[in-house]
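Just so we're aligned, residue 394 is where the sequence shown starts under the numbering used here, counting upward by one.
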Amino acid sequence: MINRREVRDFWRTVDVSIRDLPAALLILSCSFVPAFHHHGTQLGGMPDRPFDAPAVVAIALQCLPLAVRRRWPAWCLGLASAGFAVDQLGGYHTLGGTAFAIAVLSAGAHLEHRRRLAALLFSAAYVPLAIVLSQLGTGETVVGFVTFYLAVAFVWGIGAWLRSMRAMEAERRRLVAEETRNAERARLARELHDVVTHHVTAMVVQAEAARYLTAAPDRLDETLTTVTDTGRRAITELRHLLDVLNPDHGSSAETPAVGRVRALVEQTRRAGQPVEFSEQGTPPVSAGGADLVAYRVVQEALTNALKHDHGSRISVGLRHGEGEITVEVGTDGSGGSAANPGGSGRGLAGLRDRVDALGGDFSAEPQSDGGFRVLARIPFERAT
């Protein structure tokens, strides 16, 4: 069974001249049908004349150039205009005159360069044609010639309008594509920030601690193993992030979910940070992007605690409610700043954007006891 969509997609891949050729051949063949003789455009009042060799030339000049009307619109218009002049001067008045109107429309729609020059040349060529027709023909007035010229100009204007609409649509699509690319870049930048900052911060803190464990080989080995494990986790998450860019990426690459928050907590504990973790309610089977956002909120909060309040006690709380996940991470301010450079603030700003995009609430504020609290309410739609 023929698939129409496949046929249409294939036809779009064919050269544009081949796609335009059938219409040119159709008008060409119809022009030779006796029933259509002398039923074309009549300008100048020339008496009808039987078809002869010049009539064939006039029809061919008007119709065949339509095959290149989009590729070479200027040549199409020039040849069709010459054929139209032969048609009217010879009194053939063939159906091929329809091709002349299509050539004018195509020139207005597809001519990209020297459009004004083409319009001026066409106008200049029309004047002597009108003069000759008025002297040889009968019955055509100046008003008739002007009306015909205005009609042709109107057809050109329709083509120009179609061209402007096409350009506007192309610009709209370009802007949409650019906005999509920028949004995707921002999303990837946030993901990279969350993954790299968290794991590298943990590795730096653990490496700093290892400097003071040279006299305790067992603890030193344990700390270096933790550093290695942290690096491996960072590589795994980075691979996952890069897999998303792969066109063949499928459901096999899973996103970090709330269920992995415990691994984050355990990793932070191994970095020397005391963490209390509590979880209420039953995690949803599928929460869309909410579970990833909750994971990133905990990850960023723990990273900031390692950098700015190292050694303080941290409380991490998850609450799974009806259609929402609530995340609360706080420190008591009892620690000290680790040997890390200060952050840029992009992490918290990125979290706020993530939560806002899902219609949730986000706050990150210092507390009166010197600690810091991050609170996020992340709504989601339950799968039905």
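Quick reminder that beta carbons are idealized off the backbone N, C-alpha and C, glycines included.
Everything numeric in this text was worked out from a predicted model, so none of it was measured.
Bridge pairing for G723: S708 and R766 [DSSP]. In chain order, V690, V720, V748 and F755 place their CB closer than 6 Å to the CB of A769, counting only its own chain and leaving out the 5 sequence neighbours on each side.
Three or more pairs of CB atoms, one per stretch, sit closer than 8 Å, so the segment 665-680 contacts the segment 708-720.
Pairing A451 with A417, the inter-Cα distance amounts to about 14 Å. One alpha carbon belongs to G483, the other to W404, and they sit about 39 Å apart. For P415, the enclosing alpha helix (DSSP H) starts and ends at V409 to S424.
At the C-beta level, A500 and C469 come within 9 Å of one another. The residues F765, in chain order, have a CB closer than 7 Å to that of P759 in the same chain once the five nearest residues on each side in sequence are set aside.
In this structure, G743 keeps its C-beta atom at 9 Å or more from the C-beta atom of I771. In the structure shown, S756 falls within a strand segment according to DSSP collapsed to helix, strand and coil. Rounded to whole angstroms, H506 and P440 show a C-alpha spacing of 39 Å. Three or more Cβ pairs closer than 8 Å define a contact, and the segment 430-449 meets that threshold against the segment 530-550.
For Q666, there is no enclosing beta strand (DSSP E), since its DSSP letter is neither H nor E. P521 and H503 have their C-alpha atoms spaced approximately 27 Å apart.
Beta bridge pairing from DSSP links Q673 with R712. Secondary structure of H703 (DSSP, three-state): strand. Counting only residues of its own chain and dropping the five nearest sequence neighbours on each side, G714 has a CB closer than 7 Å to the CB of G674. Counting only residues of its own chain and dropping the five nearest sequence neighbours on each side, G433 has a CB closer than 6 Å to the CB of H486, T487, L488 and G490. Annotated three-state conformation of E774 is coil, per DSSP.
Straight-line measurement puts the Cα of A694 at about 52 Å from the Cα of T406. Rounded to whole angstroms, R662 and G763 show a C-alpha spacing of 21 Å. About 20 Å separates the beta carbon of R464 from that of V548, a gap too long to meet the 8 Å contact definition. Assigned with DSSP and collapsed to three states, E717 falls in strand.
Comparing alpha-carbon positions, the option among A494, F541, A544 and V449 lying closest to P466 turns out to be A494. Counting only residues of its own chain and dropping the five nearest sequence neighbours on each side, V686 has a CB closer than 7 Å to the CB of R747, V748, L751 and I771. Our two residues, N396 and W554, have alpha carbons roughly 34 Å apart in a direct line. In the structure shown, R556 falls within a helical segment according to DSSP collapsed to helix, strand and coil. Straight-line measurement puts the Cα of L543 at about 17 Å from the Cα of A478. The three-state secondary structure of G483, taken from DSSP, is helix. Taking C-alpha positions only, Q666 is separated from L741 by approximately 20 Å. I411 sits exposed, since fewer than 16 C-beta atoms from the chains shown fall within 10 Å of its C-beta. When the alpha-carbon of T621 is set against those of N575, I551 and V593, the nearest one is in V593. Annotation for T406: the continuous alpha helix (DSSP H) segment containing it runs R397 to T406.
Taken atom to atom, the span from the alpha-carbon of D702 to that of D725 is near 9 Å. In the three-state reduction of the DSSP assignment, G537 falls in the helix class, which pools H, G and I.
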